[in-house]
Amino acid sequence: MKTLKYLIVLIITVTSLSSCNTSTSKESSKVEYQCPMKCEGDKVYLEQGACPVCKMDLKPTSKIVKKVLSTMISDESIFNLTSKWNTQNGTEIQLKELKGKTLVMVMIYTTCKAACPRLTADMRNIDAKIPSELKEDVEFVLVSIDPENDTPERLKEFAEENFLTDKNWTLLQGTESGVREFANVLAVKYKQISPLDFSHSNIISVFNPNGELVHQQEGLGVDNKETITKIIETIKTY
Numbered sequence: 000m001k002t003l004k005y006l007i008v009l010i011i012t013v014t015s016l017s018s019c020n021t022s023t024s025k026e027s028s029k030v031e032y033q034c035p036m037k038c039e040g041d042k043v044y045l046e047q048g049a050c051p052v053c054k055m056d057l058k059p060t061s062k063i064v065k066k067v068l069s070t071m072i073s074d075e076s077i078f079n080l081t082s083k084w085n086t087q088n089g090t091e092i093q094l095k096e097l098k099g100k101t102l103v104m105v106m107i108y109t110t111c112k113a114a115c116p117r118l119t120a121d122m123r124n125i126d127a128k129i130p131s132e133l134k135e136d137v138e139f140v141l142v143s144i145d146p147e148n149d150t151p152e153r154l155k156e157f158a159e160e161n162f163l164t165d166k167n168w169t170l171l172q173g174t175e176s177g178v179r180e181f182a183n184v185l186a187v188k189y190k191q192i193s194p195l196d197f198s199h200s201n202i203i204s205v206f207n208p209n210g211e212l213v214h215q216q217e218g219l220g221v222d223n224k225e226t227i228t229k230i231i232e233t234i235k236t237y
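For the sequence shown, numbering that gives the first Met the number 0 begins at 0 and goes up steadily by one.
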C-alpha cells in the first residue's frame, strides 16, 4: 500500500514538472528577434541568429527576455561610491541611482576651449550611432572636474548650448573630494593650471548597468566603432 502511495506521488510530481516545462517553452516561443539596424524593415525571426544583411546579432523585440539585474553590487562597481552629486536640473543624486542603464561617461569642464568641446562632440557622435530602439537603455553622463564654477545652472546652460537636452543626458557637479575619487576610479588625471583652466585626460568610459567598467576610449576624434559595438553588446547582455 505504501509503495502504491509513493508511486502516485511520484507520478503527480513528474506531471507537474512536465507541465511547468511546457509553459516555459510556450512563453519562449513567443519571443521574436529583429536586426537592431532594421536592415529588413520590420521583419522578425522566431529564433536567435544573425542578420543576413549586416551580420549583426538579432535582438529580442520584447523586454520580457531581458535579464533581471542583481541587487548585489560588486567590489568593482562605481555604485559603491557614496558621494553626492547635483544634476543640471538641480536634483541631488548618488551614482547608484543610475543603476539599470549602460552608462557612457566622460569628465569635462564647461570653460574648456580645446579638448572638452571635442570630447562632448565625440559623446554626441556616439549617441547618434546608437539605434533608436536602444536609446532608453543608455545614459550619457558628463562629470565636471570644476565643481566650483560648474554649478547646476551653468551645467544646464552648457547642455543647451551643446544640444545635450534629451532625457538620456545627465551632467553632474560634485564636491572636490567626490570628483577626485571618481577620477581615480576612471584613471582620469586632471590638474588645475589657472582659475578657469585644467589639464586633463581625454577618456570616455562605458559601464554596464551594474556599474562595472567594460570599455574605455582614449583620445579626441578617434574611431568610435569599437566603443559603439561595446555599448550595444552591453545593452543586449543586460
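Ideal Cβ positions, reconstructed from N, Cα and C, are used throughout, including at glycine.
Around the C-beta of K62, are 16 or more other C-beta atoms found within 10 angstroms, so that it is buried, or is it exposed? Translated into positions along the sequence shown, residue 62 becomes position 63. In this prediction, K62 scores a pLDDT of 44, lower than 50, which makes its location untrustworthy; no coordinate-derived value is stated.
Taking only the alpha-carbon atoms, compute the straight-line gap between M122 and T169 and give it to the nearest angstrom. Counting from 1 along the sequence shown, the entry for residue 122 is found at position 123. Counting from 1 along the sequence shown, the entry for residue 169 is found at position 170. The straight-line gap from Cα to Cα measures roughly 12 Å.
Within the stretch 37-96, note down every full beta strand (DSSP E) run reaching 3 residues or more, in order along the chain. 83-86, 91-93
Would you call the CB atoms of L102 and V205 closer than 9 Å? Along the sequence shown, read from residue 1 onward, the residue named residue 102 stands at position 103. Along the sequence shown, read from residue 1 onward, the residue named residue 205 stands at position 206. Yes, they are a contact pair.
Please classify Q47: is it buried, with 16 or more other beta-carbons within 10 angstroms of its beta-carbon, or exposed? Within the sequence shown, the letter at position 48 stands for residue 47. Q47 comes out exposed.
Output the distance between the C-alpha atoms of Q191 and C34, rounded to the nearest integer angstrom. Here residue 191 corresponds to residue number 192 of the sequence shown, with the count starting at 1. Here residue 34 corresponds to residue number 35 of the sequence shown, with the count starting at 1. Roughly 46 Å separates the two Cα atoms.
Is L141 a contact residue of the ligand SAM, with contact defined as CB to any heavy atom under 8 Å? As presented, the structure is devoid of all ligands, the ligand SAM included, so that no description of it is given.
Nonlocal neighbours in the same chain, by C-beta distance under 8 Å from K229, ignoring five residues either side: Sequence index remark: in the sequence shown, residue 229 carries index 230 (1-based). Answer for K229: V205, V213, H214, listed in chain order.
Alpha carbon of N223 to alpha carbon of Y237, nearest angstrom: In the sequence shown, counting from the first residue as 1, residue 223 sits at position 224. In the sequence shown, counting from the first residue as 1, residue 237 sits at position 238. About 21 Å.
Can you say whether F139 is buried or exposed, counting buried as having 16 or more other CB atoms within 10 angstroms of its CB? Residue 139 sits at position 140 when you count from the first residue of the sequence shown. It counts as buried.
Close beta carbons around G89, own chain, < 7 Å, minus the five adjacent residues each side: Position 90 of the sequence shown, counting from 1, holds the residue named residue 89. If we look at G89 and ignore the five residues flanking it on each side, its Cβ neighbours are P151.
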